[in-house]
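K.L.:
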Amino acid sequence: MSSAPVSGRIEELWSADLTGRCGVLHVTAVGRATDGGATVIRIGPESPASETDFFALSVARARSDAIVTTGSILRAELAVSHDPGPALTEWRGSVLGKTKQPMLAILTRGTGLPEAHPVFERPNVLIGTSVESAPELEARLGPRGVAVVGLADSSLRGLLRELARRGLPDICVEAGPSTAGSLYDAPVVVDELLLSVYEEAPLPPALDAGPFLSSAALAERLGPPVSAVSRREASGLWQFRRFCRSRGRTRRS
Numbered sequence: 141m142s143s144a145p146v147s148g149r150i151e152e153l154w155s156a157d158l159t160g161r162c163g164v165l166h167v168t169a170v171g172r173a174t175d176g177g178a179t180v181i182r183i184g185p186e187s188p189a190s191e192t193d194f195f196a197l198s199v200a201r202a203r204s205d206a207i208v209t210t211g212s213i214l215r216a217e218l219a220v221s222h223d224p225g226p227a228l229t230e231w232r233g234s235v236l237g238k239t240k241q242p243m244l245a246i247l248t249r250g251t252g253l254p255e256a257h258p259v260f261e262r263p264n265v266l267i268g269t270s271v272e273s274a275p276e277l278e279a280r281l282g283p284r285g286v287a288v289v290g291l292a293d294s295s296l297r298g299l300l301r302e303l304a305r306r307g308l309p310d311i312c313v314e315a316g317p318s319t320a321g322s323l324y325d326a327p328v329v330v331d332e333l334l335l336s337v338y339e340e341a342p343l344p345p346a347l348d349a350g351p352f353l354s355s356a357a358l359a360e361r362l363g364p365p366v367s368a369v370s371r372r373e374a375s376g377l378w379q380f381r382r383f384c385r386s387r388g389r390t391r392r393s
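Just so we're aligned, residue 141 is where the sequence shown starts under the working numbering, counting upward by one.
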């Protein structure tokens, strides 16, 4: 797939070319919990699959200067690579003008990272951790070319501030609901949200990773979705929504 088909699919899905700055971009997939609320889908072999959801995640990665993940995700997903694939890498370079591979920033407060994970073989990896954990991680992973930063504020917001300080304005956040959910507290940090919604039967408890904001809460924090498109896939009906925080709302701290 060349840049032209990629651009066409992006326009079809979100009614926008997505060539502008995204700021802090959160991407996640949710379904219905047994109590009727929205819940993040836990990734696993039994999770409802969506090729369009995977495309949305890959687009988010391709738009970013840095991709943020967590030690918990690396421990749970031992094969995740964060590579958007050749077509979106070509689109990233030829359309967005981003020719350098995005930094991978890993948030962890402790030292229990899966050091055999393939992400540690890629270049441009940074670990944001507590001041106390930084020396041990530096001793173990520093010789492999991994940058380790002890953060006075070892929260996700603290890591985002460190990335902004390093001149990385467009940041894709891939984190669990408790970690990413904190970005929606005042002052709201998320500038853009790509939300994939599985609209079939409630998820079984094993696939419930934790609650996500209701539609009303999202509207209050980000405004209404700027686009929403439904697609029926092998796993069932999905809707793909894009939110962009309105001008004049509180910017990230």
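Quick reminder that beta carbons are idealized off the backbone N, C-alpha and C, glycines included. Bear in mind that the values here come from a model prediction, so they are computed numbers and not experimental data.
Roughly how many angstroms separate the alpha carbons of L333 and A326, rounded to a whole number?
P.N.:
Within the sequence shown, residue 333 is the residue found at index 193, counting from 1. Within the sequence shown, residue 326 is the residue found at index 186, counting from 1. Approximately 16 Å, taken between the alpha carbons.
K.L.:
Could you round the C-beta distance between L236 and V208 to whole angstroms and report it? I think they count as a contact, below 8 Å.
P.N.:
For this step, residue 236 is matched to residue 96 along the sequence shown. For this step, residue 208 is matched to residue 68 along the sequence shown. L236 to V208, Cβ: 19 Å. No contact.
K.L.:
Excluding the five sequence neighbours on either side, which residues of its own chain have a C-beta within less than 7 Å of the C-beta of D157, listed in chain order?
P.N.:
Here residue 157 refers to the residue found at position 17 when the sequence shown is read from its first residue. Hits under 7 Å: S147, I150 and E151.
K.L.:
Please list the segments of the alpha helix (DSSP H) lying wholly inside the region 225-291, counting only runs of 4 or more residues, in order along the chain.
P.N.:
226-234 and 274-281, all fully within the region 225-291.
K.L.:
So what does DSSP say about T174, is it helix, strand or coil?
P.N.:
Taking the sequence shown and counting its residues from 1, one reaches residue 174 at position 34. Reduced to three states, the DSSP call for T174 is coil.
K.L.:
If you scan the region 327-381 from start to end, which runs of the beta strand (DSSP E) of 3 or more residues do you find wholly inside it?
P.N.:
Complete beta strand (DSSP E) runs here, min 3: 332-338, 348-351 and 367-373.
K.L.:
Please check the pair V164 and L335, which I expect to be a contact at CB under 8 Å, by giving their CB distance rounded to whole angstroms.
P.N.:
Reading the sequence shown from its first residue, position 24 is the one you call residue 164. Reading the sequence shown from its first residue, position 195 is the one you call residue 335. Contact doesn't hold; Cβ gap of about 15 Å is too wide.
K.L.:
Take C312 and list the residues in its own chain whose beta-carbon comes closer than 6 Å to its own, dropping the five residues that flank it on each side.
P.N.:
Mapped onto the sequence shown, residue 312 falls at position 172. Cβ within range, chain order: L165, A200, R201, S204 and I207.
K.L.:
Less than 8 Å between the C-beta atoms of A304 and V288, yes or no?
P.N.:
Your numbering for residue 304 matches position 164 in the sequence shown. Your numbering for residue 288 matches position 148 in the sequence shown. Contact: no.
K.L.:
Grab the span of the alpha helix (DSSP H) containing T319 for me, first residue to last.
P.N.:
Along the sequence shown, one-based indexing puts residue 319 at 179. Segment P317 to G321, the alpha helix (DSSP H) holding T319.
K.L.:
With DSSP as the reference, label L308 as helix, strand or coil.
P.N.:
Numbered from 1 along the sequence shown, position 168 holds the residue referred to as residue 308. Coil, per DSSP.
K.L.:
Around the Cβ of D223, are there at least 16 other Cβ atoms within 10 angstroms (buried) or fewer (exposed)?
P.N.:
Here residue 223 corresponds to residue number 83 of the sequence shown, with the count starting at 1. Exposed, by the Cβ-count rule.
K.L.:
Have a look at M141 and A196 and give me their C-alpha separation to the nearest angstrom.
P.N.:
Numbered from 1 along the sequence shown, position 1 holds the residue referred to as residue 141. Numbered from 1 along the sequence shown, position 56 holds the residue referred to as residue 196. Note on M141: pLDDT 49, under 50, position unreliable in the model; the coordinate value appears next. One C-alpha to the other measures close to 15 Å.
K.L.:
Does the beta-carbon distance from L343 to G171 come in below 8 Å?
P.N.:
Locating residue 343 in the sequence shown gives position 203, where the first residue counts as 1. Locating residue 171 in the sequence shown gives position 31, where the first residue counts as 1. Yes.
K.L.:
So T186 and L347 are supposed to be a Cβ contact under 8 Å. How far apart are they, rounded?
P.N.:
What you label residue 186 is simply residue 46 of the sequence shown in a count that begins at 1. What you label residue 347 is simply residue 207 of the sequence shown in a count that begins at 1. Residue identity check: residue 186 is Glu in the sequence provided, not Thr. Contact flag correct, Cβ pair sits at about 6 Å.
K.L.:
Quick check: what's the CA-CA separation for G298 versus E340?
P.N.:
By 1-based counting over the sequence shown, the position of residue 298 is 158. By 1-based counting over the sequence shown, the position of residue 340 is 200. Those two C-alpha atoms are separated by around 37 Å.
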